[in-house]
Amino acid sequence: DVKVTQSSRYLVKRTGEKVFLECVQDMDHENMFWYRQDPGLGLRLIYFSYDVKMKEKGDIPEGYSVSREKKERFSLILESASTNQTSMYLCASVAGEWVTGELFFGEGSRLTVL
Amino acid sequence: AQKITQTQPGMFVQEKEAVTLDCTYDTSDQSYGLFWYKQPSSGEMIFLIYQGSYDEQNATEGRYSLNFQKARKSANLVISASQLGDSAMYFCAMSLSGAGSYQLTFGKGTKLSVIP
């Protein structure tokens, strides 16, 4: 089975802290994504990556950065966490150059910033 | 930029009846894909169905079918014979082809509640 693993299910951080959210997939997928999910807003794309060291901004990249040093790992970084970044963060991956296939999602990381 | 609109924040359906969840999309691209995902209260995202923009037949997967009307830019999900386990959030999403467009854009979702 395809597996997308997010390192932390629940995190509580303080304003101004640097936060790392890790995502690892075991199916050699080229494409990886970070979304945040908020009630009433659906899933909004933060960043995506279609290859190692390649990254593209999504719809809401402000306040976030990403790193993809290895094909299986895609990290989301909050350089200085703020309370408006309290949210559920979902990582996903899919094979192929064009997204025609099913996205495989991790279980999510619920971040609370105090 | 592409956009997905789901106009029904919440819906109720009687068990064993059919229900249609609405989705409209906006893109100037000719080549795109449309998806539906289900998210139960447990939080995981479950892929339901996919329709390519060049597919002439409507996609079907068991009790799920996608009513694709290209001219109207709509991709409604039809669930036949609703079950209690269908109670969940449902998200419509669209993918585009082309360099730099390896992304999936989601709608805001519809919360479906199945009544016994």
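Chains as they are written, first to last, in this note's numbering: chain E, 1 to 114; chain G, 115 to 230. Positions of the beta carbon are idealized from the N, C-alpha and C atoms, including for glycine. The structure presented is a predicted model; accordingly, all values stated were derived computationally and were not measured.
Within chain E, Phe33, Leu45, Phe48, Glu56, Gly58 and Val99 have C-beta atoms less than 8 Å from the C-beta of Gln217 (chain G), given in sequence order.
Annotation for Gln122 (chain G): Leu135, Asp136 and Thr224 place their beta carbon closer than 8 Å to its own, counting only its chain and skipping 5 residues before and after.
Contact between Gly42 (chain E) and Gly221 (chain G) holds, with the beta-carbon distance rounding to 6 Å and staying under 8 Å. Non-local C-beta neighbours of Glu79 (chain E) in its own chain, meaning closer than 7 Å and more than five positions away in sequence, comprise Lys18 and Ser65, ordered along the chain. For Glu62 (chain E), not one C-beta of chain G is nearer than 7 Å to its own C-beta. Remark: C-beta atoms of Phe126 (chain G) and Ile229 (chain G) approach each other more closely than 7 Å.
Burial is judged here by how many other beta carbons sit within 10 angstroms of a residue's own beta carbon; Tyr146 (chain G) has at least 16 and is buried.
Using a Cβ-Cβ cut-off of 7 Å, Gly157 (chain G) counts as an interface residue toward chain E, since at least one Cβ of chain E sits closer than that to its own.
For Gln116 (chain G), the secondary structure class from DSSP, reduced to helix, strand or coil, is coil. Residue-level contact by beta carbon holds for Glu102 (chain E) and chain G, with a gap shorter than 7 Å. Ranked by Cα distance from Met203 (chain G), the options G:Gln144, G:Ser227, G:Glu131 and G:Arg186 are led by G:Ser227. Where Asp38 (chain E) is concerned, the enclosing beta strand (DSSP E) starts and stops at Asn31 to Asp38.
Taking 7 Å as the Cβ-Cβ cut-off, the segment 121-146 of chain G has no residue approaching chain E.
For the C-beta of Glu107 (chain E), the chain G residues within less than 8 Å are, from N- to C-terminus, Gly157 and Glu158. Bounds of the beta strand (DSSP E) holding Lys152 (chain G) are Tyr146 to Gln153.
In this structure, Tyr50 (chain E) keeps its C-beta atom at 7 Å or more from the C-beta atom of Glu72 (chain E).
Between Ser82 (chain E) and Gly63 (chain E), the alpha-carbon positions lie close to 9 Å from each other. Annotation: the continuous beta strand (DSSP E) that includes Met203 (chain G) extends over Ala202 to Leu210. When the alpha-carbon of Thr5 (chain E) is set against those of E:Arg44, E:Cys23, E:Arg36 and E:Met32, the nearest one is in E:Cys23.
Within the same chain, and ignoring the five residues on either side of Val52 (chain E) in sequence, the residues whose Cβ sits closer than 8 Å to its Cβ are Arg68, Glu69, Lys70 and Lys71.
Per the C-alpha coordinates, the member of G:Gln171, G:Pro154, G:Gln120 and G:Tyr139 positioned closest to Ser201 (chain G) is G:Pro154. In terms of Cβ geometry, Ile163 (chain G) and Ala173 (chain G) form a close pair [threshold 7 Å].
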